[in-house]
């Protein structure tokens, strides 16, 4: 993963086996970090449920951390599925994003450490189900999350939001805070209605709130090529959304689904599985774009803190 030979590792740091903390120490010692993409705030959202969004977002965030990026995963769903996918129960945590957005708790006080030294997360539980109602009467309610992130964002390369499949003030906050939008879809024709509504919402953000996303990536998830309807739906996506549709497809993978239900990212459960290979392929497609865009922005003198 570090791309180094055993001989290049200082003798005092050589071991028969390396844990996450050891790998992070080696990265720091050898200065082996991936190319910067600036700070990216990335939202995984689809108004249609059942698209495997949480399994995808948590494994994506985990893999970014394994590659050497500092990552913060924020669970926005009151069901706490992203929290569970990392191996934790949301009810075990006293504070969530609700405390930050409504009770003005500093975000740093809610951040939790995962088993990877460079992957932090903000948990969620059922208390989050009241956040939309609590935000309703507030001034500047659409910008609460964006403003709260200023407390910690300098510590991270990527901030990844896992959103519930609905539209409300919390998801509006996430859209206003995000640079990049990932839209997981299934290869079925029901997905088109959700996509149309989401793109209409994104357009309204541009017109009404002057917020333009840098990138929108449509990700086909849980694809089964043996189904005729799936292939027809994929062709329709390629026809209607060619500028947004990622060329890499996440294939249907039972080990991927099983890992999520067990509270383990697929890269922990089975790093050789189809799901793990496909998420890596997705990253291989997305990361160079982000790195190149950031480099161009730096060269042009237009790079900002948000990348």
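Residue numbers (full-length UniProt numbering): 1 to 307. Virtual Cβ for every residue (Gly too), placed ideally from N, Cα, C. Since this is a predicted model, take the numbers as computed values, not measurements.
Output needed for residue i: all residues of its chain with C-beta closer than 7 Å, excluding positions within five of it in sequence on either side, in chain order.
i	result
residue 206	212
residue 92	none
residue 21	117
residue 113	120
residue 167	47 and 201
residue 101	131, 135, 144, 145 and 148
Looking at the strands, I want to know which residues DSSP matches up with residue i.
i	result
residue 219	184
residue 42	160 and 180
residue 144	None, per the DSSP bridge assignment.
residue 113	120
residue 251	223
residue 245	218
Spatial neighbours of residue i within its chain, please: C-beta separation below 6 Å, excluding the five flanking residues on both sides.
i	result
residue 249	220 and 223
residue 72	120, 156 and 159
Would you kindly report the start and end of the unbroken beta strand (DSSP E) that includes residue i?
i	result
residue 213	No beta strand (DSSP E) holds residue 213; DSSP gives it neither H nor E.
residue 71	71-75
Can residue i and residue j be called in contact, C-beta distance under 8 Å?
i	j	result
residue 297	residue 156	no
residue 160	residue 74	yes
residue 290	residue 175	no
residue 183	residue 170	no
residue 97	residue 124	yes
By the DSSP assignment, the alpha helix (DSSP H) with residue i in it spans what residues?
i	result
residue 285	274-300
residue 191	191-208
Apply the 10 Å Cβ neighbour rule to residue i and answer buried if 16 or more other Cβ atoms are within range, or exposed otherwise.
i	result
residue 109	exposed
residue 189	exposed
residue 7	exposed
residue 238	exposed
residue 154	exposed
residue 194	buried
residue 128	buried
residue 66	buried
residue 61	buried
residue 164	buried
residue 299	exposed
residue 208	exposed
Return the chain-ordered list of same chain residues with a C-beta closer than 8 Å to the C-beta of residue i, the five sequence neighbours on each side being excluded.
i	result
residue 25	13
residue 244	183, 216, 217 and 218
residue 246	217, 218, 219, 220, 282, 285 and 286
residue 251	222, 223, 224, 225, 274, 275 and 278
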